[in-house]
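>
Number of protein chains: 2
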Amino acid sequence: MSTVIGENVPRVDGQEKVTGRALYTGDLKLAGMVQGKVLRCPYAHARIRRIDARKAETLPGVVAVLTRDNLKVATPYIGAMIKDQPVIALEKARYAGDVVAAVAALDDAVAEEALKAIEVDYEELPAVMSVDDALSPTAPLIHERIERSRPPAYGRGASYIAHEHSNICHHFHYERGDVNEGFRQSDLVFEDEFVYPTAQHYPMEPTISVASYEGDSVTVWSPSQAPFATRQEISRVFGMPLSRIRVIVPHVGGGYGGSKGALTSILAVALSRHVRRPVRVAFSADENFKTICQPQIKVVIKTGVKKDGTFVARQSRVYLNAGAYVYSTPSVAEKAGYRSHGPYHIPYVLTDSYAVYTNTVPAGAFRGFGGHQAAFAYESQADIIAHRLAMDPVELRRRNLLGRGEEYAAGDTPIDCDLKGMLEELAVAIEWDKKEEPPKDPRFKRGKGIACAVKDGGGSGKSASATVRIMSDGSAVLSTGSVEIGQGVRTTMLQITAEELTLPTDRVEVAALDTHTTPFDHSTNASSATVVMGQAVQRAAQDARQQLLSAAASTLSVPVEEVQLREGRIIVKEKGWSLPEIMRLCFANVGGEVVGRGSFNQIRDENVPLGQRSPFWEVGFGGAEVEVDEWTGAIRILKYVSVTDAGKMIHPVHCRGQDEGAAMFGIGLSLFEELLYEDGKLANPNLIDYRLPRFRDLPHSFASRIREDAGGPGPYGAKGVGEGGILGVAPAVCNAVFNATGVRIRQVPLKGERVWRALGQPAVKTPVRQ
Amino acid sequence: MSTVIGENVPRVDGQEKVTGRALYTGDLKLAGMVQGKVLRCPYAHARIRRIDARKAETLPGVVAVLTRDNLKVATPYIGAMIKDQPVIALEKARYAGDVVAAVAALDDAVAEEALKAIEVDYEELPAVMSVDDALSPTAPLIHERIERSRPPAYGRGASYIAHEHSNICHHFHYERGDVNEGFRQSDLVFEDEFVYPTAQHYPMEPTISVASYEGDSVTVWSPSQAPFATRQEISRVFGMPLSRIRVIVPHVGGGYGGSKGALTSILAVALSRHVRRPVRVAFSADENFKTICQPQIKVVIKTGVKKDGTFVARQSRVYLNAGAYVYSTPSVAEKAGYRSHGPYHIPYVLTDSYAVYTNTVPAGAFRGFGGHQAAFAYESQADIIAHRLAMDPVELRRRNLLGRGEEYAAGDTPIDCDLKGMLEELAVAIEWDKKEEPPKDPRFKRGKGIACAVKDGGGSGKSASATVRIMSDGSAVLSTGSVEIGQGVRTTMLQITAEELTLPTDRVEVAALDTHTTPFDHSTNASSATVVMGQAVQRAAQDARQQLLSAAASTLSVPVEEVQLREGRIIVKEKGWSLPEIMRLCFANVGGEVVGRGSFNQIRDENVPLGQRSPFWEVGFGGAEVEVDEWTGAIRILKYVSVTDAGKMIHPVHCRGQDEGAAMFGIGLSLFEELLYEDGKLANPNLIDYRLPRFRDLPHSFASRIREDAGGPGPYGAKGVGEGGILGVAPAVCNAVFNATGVRIRQVPLKGERVWRALGQPAVKTPVRQ
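Chains as they are written, first to last, in my numbering: chain A, 1 to 770; chain B, 771 to 1540.
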């Protein structure tokens, strides 16, 4: 019936973006604005004995230099989960790239010159670059004292273990039954170790913020996925009430979880407050690489099975390299641990996951959020198990997959879709049972692999609110804090508003995001905006609709039950009024409007405790067909199929875009992307040395199959779909490589050299193919 | 008990304004912005045979020229009440100053040059400059065809009479009983004619707008008192949904009812839509004079009284010179007519008031809105009556004043304060019974006069809405559409919010006014924001408070009745939580906020029909002591006392500022201000020839006495106080001149020459005093 939900309506931001009219933070020009730049420590770990900025300060065009010596704040520490990162380094710097000073100058060139003129007296300290080194009893402590977060342990079986005087900043523990008893009951036990790389988010738009401090208020422009969290950090650091801080989000060029703008916003505010002029802090590509990354994750996974393939027990140890500061890594650690059970029925589970400080670039949230790393481990191991049991990998999974309504873990949301049906769909789509003709040239081998994974849609505790205003001409304006990071969320929210008000989509506008006027949203993350903000928007629109119906009923002197809103008209029995007509009647000739508000707060609305209760289950089933060049180790993905469940697709093209985009992210991480260190420094902080996937890396055949199982808690049964596609890529590809070559690779990305070595380093007989 | 209401808290906009940081529309600089200027007709009435803009268009730096020939709009007519004004003149121009073309150019100089290059072929038409001329049967019709508004006749006894093929654009008729029967019952009947001048609002900030049309949306910056009405006009003229139009109101340098920005906004949008660049249209001081004015009003008033001074019957004929286009003049006509009864018990009333087109500058709303012109007539006549009856003017008024709770007119709000008490207070304050020592030099005469007037707070039908958000740190942001035009309204609204949330005022911020995010407000006018928006804001704050209490109750698992909000803390029995603490509990660790909404719609909330039902009664009782120089006619106001009722003063200093400011306006209009025409053109459109009051024109003694009779419908019993002070000035001064000299002057302003002639033109014996 709906003419809006499930339709590919034009994007809210589409025309502006394709015509180049869309303005990003970097386009902003404010009168008197100066440029902020930061000085970075060249050592992985160093004590700062002295900083002398006097020479820099006297350079013509330099407006100010901020160091630990003149940074006057309520607290210098920031951090999404643990307040461990000084805005500007204090007693020491903890990685090569750590910020030790900030300059405001009339232009970039002067600012660069000023940075060079700052004298820093460093005392180099021993550094630890890997988790193994950091866990050594003799390892230097990277943080001598931190305020460790103590979130309430969530769900039955989950707890947190504190490690004092250790580089372990977070330890998540989960158990279900006695895992040793499980292993005793098993016929076979498998133990394997898998490593997933540290990588860069690399959104098109770099990290940037502009701040303008005036009087005792500040306005910040920043492409943040979490403008309300940014506001919160500014409030805390500078001791300002939230009501005096405006965070405005212009158009945003991608996010992917990289906390874009968190540090630049604080630096810009600090500088602007100091110099009382607008300040722009824009990081270069090199600096973006040195600001935040995906943590490297090592998973040691031990699984006990019956001879018939039934899973009995699983023990996982998950190690995350959190880098020098943790951002959301503690949460990623929990999720990687919690998600390492996989979508299977496993009676005995024991998981320990650790986030560990090292002297590397800070790690944090990244699309997939621990889910794809865990899936790489358990789905690679599933094929190891199947191979050993001489079972069909599809059959092994069919036997163990959770059914709809079964609990993933006690107390968590039951599985909300038909996983087994998706497995069958995947098998058909990848033509699992069809044996392909082998390539003519025997150096090329072909094989197929699959992987099945799920990811919860973030922990409970999300909170969102929205307002919907119906204008006197019947058009409407929605105010929502969900950030448009390319996923189409503002169009989706517009569709929900239009649907509830029975309006065509071109009668609804979405107001600019400004924390001073936009109602609160937790953050745009975990593929959850459609579910979380979607419900807030739906309620706001329903509140507006109900007020309209009540006003119409009172104006027309009929009971409210007799008033209906249909196709943008108020209907009472057989009579109808257009919205402008009824608004004119309700508000007489003076105009007027209806303001609806809606909010969603998972903890209060669903009466669930803070912590682990997924709002929904995001599904990432992948099937890959690959060709391996045994001479070079080069891998081509011939075909990739992603199967997921959207619950209900509000905007099918956007859903497909999200699922394909997530799969393409997975392809980059599985084949190419990896941050590398040399001598304590990031060695490839640029797009020459760090390889992103390109168009020609697209699989020859690439399909996203999205089901609508109607089990989501979002409006009309919707769920989120932004991350499912990434989950299955690495294991499906590695399983296909095994299927093609008989060689099991336990570390991605599958760069040519790594594959070539794994294949037994066959002699190169012809020049390497590019 | 309150620490906020009734306190002179710092102004929201104070620091910004006194430090020069406040940005006004004229400070706005947008990339690519061009300057808009208009060509004005030099004739009072002329047919436009042809416009040739080709030469102007080819001048270097000229971006576009808009005339009737290329103005493509949904409808070219605008107007607050009657859509009679073309954005750009069509077949003819109706006053000297009418806009016949608009130019967009790179700078002002080029734009001026382009205006000169536009060739217009005019055919001059006979013009009518006065109401008398316009009403002559042979007068040319100024508007051949207009859509006349047909508002529902309000209140018992009120009606509208249509005049086709006439220059009368609006005729309001009111009767109570048979006035001729009233005159028959009277012992004496008085008939007098009074004239009040046409004048300029002259706010410090000129008329200006900036528009930026992008895609199919437009953003307008304008110092409008009625941004939502401006949005409505743009929607109508350009056929755009309201949701695609943003009107942003920066700081505003005064309003006084002059529809500032109405015409410039439409012109700026038209130009920006045409050239697809931001366009700034700023009128010069000369142009402001030629844009809108206060209508000249002639009142012919006939009053029948008993010998003891009891008022029996009153017939008024009120003539307004509406100028070439009417803006709100029809409404001013109604109000001047309706207000001509005065605050007295009069059994028989007959009123006809007429707004009449002439070929002069368009008239419209002006502080006082017909009230001071009517009061000038009836309060001057009251003294004529008292003199004839040999009664004390105070005693005459005492005998006739309406008591608290008595109806002004059937169906209207009863008098909501103690008028008689105010008369006594005025008499004491002006030392009515004390005979002053006469000046030593007999050329100077001294006298005292009083006047008593009331003014309704605008007709019913006002509508306002607001939101109040409580942030997770317990600070709050208010969104209100009331425009800060210097009166302090945003501070008042902040106080109401703070009071309801029991917060200190520095924990509340008021968000910038932007129609895209700010809830609807009818307009900031008729001194009614405190009452109308005040109730919306109070309800929004109460809604937020109630949600907070509910959330706290559910979080703390106690009945909501047991939860209290006191001094910014949530209290349950003897335990207390600060707002940040309780917000953290309610929203767990994720942050969150409460969004409260409130609206006020007089018609629906108070169940009153559209039209005349005053939300409250504004009081303007004035007492003047003057010195008249008989040789020159110069008048000095030695003492002025204004007595009014605020119901409850939310911010006493602002109330006093409003009342004193209104009285000072009255002084300017009574002594100096008057627009003059010569040869069909405005002769004094500048501050050299048009005399505004200066500091040295302040009365030597100037007091505003504000009562708090607690009878207002606004929060805490508040009423509005922005216009009362103007009501009594002209009659009190003229009564004082009569008291001093025995000469009755029936026309203001009391310029030296006019007074000197009225005094019988005594010979000038010494040089004229400056």
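All C-beta atoms, glycine included, are put in the ideal place defined by N, C-alpha and C.
Output yes if chain A places a C-beta closer than 9 Å to the C-beta of I1373/B; else output no.
Chain A contact via Cβ: present.
> For a test of the three-state rule: what should DSSP assign to L350/A, helix, strand or coil?
If DSSP states are grouped into helix, strand and coil, L350/A belongs with the strands.
> From this set, P615/A, H372/A, L548/A, which residue's C-alpha is nearest V318/A's C-alpha?
Of the listed residues, the one whose Cα sits closest to V318/A is H372/A.
> With distance defined between alpha-carbon atoms, name the residue in R1277/B, D1182/B, T1130/B nearest to A863/B.
It is T1130/B whose Cα lies nearest to the Cα of A863/B.
> Interface residues of chain B around V595/A at Cβ under 7 Å?
The answer, in chain order, is S1235, T1237, P1289, R1367, S1369.
> Report the residue from A1394/B, L1033/B, D1415/B whose alpha carbon sits nearest the alpha carbon of L1441/B.
Out of A1394/B, L1033/B, D1415/B, A1394/B has the C-alpha closest to the C-alpha of L1441/B.
> For K1521/B, does the count of other Cβ atoms within 10 angstroms reach 16, so buried, or fall short, so exposed?
Buried is the call here.
> Which residues in chain A have a C-beta closer than 9 Å to the C-beta of V1247/B? List them in chain order.
Under the 9 Å cutoff, chain A gives L242, S243, T515, H516, T517.
> Taking the alpha-carbon positions, what's the H935/B to L1159/B distance?
Spanning the two alpha carbons is a distance of roughly 45 Å.
> Determine the chain A residues that contact M1241/B at a beta-carbon separation under 7 Å, and present them in chain order.
Ordered by position in chain A, the residues that pass the 7 Å Cβ test against M1241/B are L242, S243.
> Apply the 10 Å Cβ neighbour rule to F848/A and answer buried if 16 or more other Cβ atoms are within range, or exposed otherwise.
Coverage of chain A is limited to positions 1 through 770, which leaves residue 848/A absent and any answer about it impossible.
> Under 8 Å, with one C-beta from each stretch per pair, do the region 230-242 of chain A and the region 294-309 of chain A reach the 3-pair mark?
Flag = no, the region 230-242 of chain A and the region 294-309 of chain A do not touch.
> Would the beta-carbon of R1043/B fall within 9 Å of that of V1017/B?
For R1043/B and V1017/B, no; Cβs fall outside 9 Å.
> With DSSP as the reference, identify every bridge partner of P812/B, one or two as the case may be.
DSSP output for P812/B lists no bridge partner at all.
> Under 9 Å, do I346/A and N400/A count as touching if we go by C-beta distance?
Yes, the pair counts as a contact, with Cβ atoms nearer than the cut-off.
> Would you please state the rounded distance, in angstroms, between the beta carbons of G711/A and K455/A? I believe it to be under 8 Å.
About 15 Å; that fails the 8 Å criterion.
> Give a yes or no on whether 9 Å exceeds the smallest Cβ distance from S994/B to chain A.
Taking Cβ atoms only, chain A never reaches closer than 9 Å to S994/B, which makes this a no.
> T351/A and G337/A: beta carbons closer than 9 Å?
Contact flag set, yes.
> According to DSSP, is Y256/A helix, strand or coil?
Three-state DSSP puts Y256/A in coil, outside helix and strand.
> Just how far apart, CA to CA, sit W1401/B and A884/B?
Cα to Cα, the separation comes out at about 51 Å.
> For E606/A, which option in F228/A, G461/A, E425/A, E436/A has the closest C-alpha, if you only look at C-alpha atoms?
The option with the nearest alpha carbon to E606/A is G461/A.
> Hey, does D506/A have any beta-carbon neighbour from chain B nearer than 9 Å?
True, the Cβ-Cβ gap to chain B drops below 9 Å.
> What span of residues does the beta strand (DSSP E) with A1528/B cover, start to end?
Per DSSP, A1528/B belongs to no beta strand (DSSP E); it is in the alpha helix (DSSP H), 1522-1528.
> By how many angstroms is the C-alpha of L1033/B removed from the C-alpha of I821/B?
Cα to Cα, the separation comes out at about 21 Å.
> Listing by chain order, which chain A residues have their CB less than 8 Å from the CB of A1585/B?
This structure does not reach residue 1585/B, given that chain B is present from 771 up to 1540, and the question cannot be answered.
> Taking N1172/B and I1185/B to be in contact with their CB atoms under 8 Å, please state how far apart those CB atoms are, rounded to whole angstroms.
Residue 1172/B is actually Leu in this sequence, not Asn. About 5 Å; that satisfies the 8 Å criterion.
> DSSP beta-bridge partners for H1044/B?
Note: H1044/B sits in no beta bridge, so no partner.
> Could you say which of V300/A, P504/A, S136/A lies nearest to T773/A if we only look at CA atoms?
One cannot answer for residue 773/A here, as it falls past the ends of chain A, which runs 1 to 770.
> In or out: G1218/B buried (at least 16 other Cβ within 10 Å) or exposed?
Checking the sequence shown, residue 1218/B turns out to be Lys, not Gly. Buried, since its Cβ has 16 or more Cβ neighbours within 10 Å.
> With a threshold of 8 Å, are at least 3 pairs of Cβ atoms found where one atom belongs to the region 410-430 of chain A and the other to the region 634-644 of chain A?
They touch, by the three-pair rule.
> Check whether the Cβ atoms of F1386/B and V1301/B lie closer than 9 Å to each other.
Yes, Cβ-Cβ distance for F1386/B and V1301/B is below 9 Å.
> Report the residue ranges of all alpha helix (DSSP H) runs contained in full by the region 515-593 of chain A; include only those spanning at least 4 residues, in chain order.
Qualifying alpha helix (DSSP H) stretches, in chain order: 529-556, 579-586.
> Taking the alpha carbon of T492/A as the point to measure from, which residue in I470/A, A536/A, T518/A has its own alpha carbon closest?
Cα-wise, what sits closest to T492/A is A536/A.
> On a Cα-Cα basis, can you pick out the residue from R1014/B, G1366/B, W1347/B that is closest to S987/B?
Cα-wise, what sits closest to S987/B is R1014/B.
> At a Cβ threshold of 9 Å, is T1325/B touching chain A?
True, the Cβ-Cβ gap to chain A drops below 9 Å.
> Thinking V189/A and G6/A are a contact (beta carbons under 8 Å), I'd like their distance in whole angstroms, please.
Contact flag wrong, Cβ pair sits at about 47 Å.
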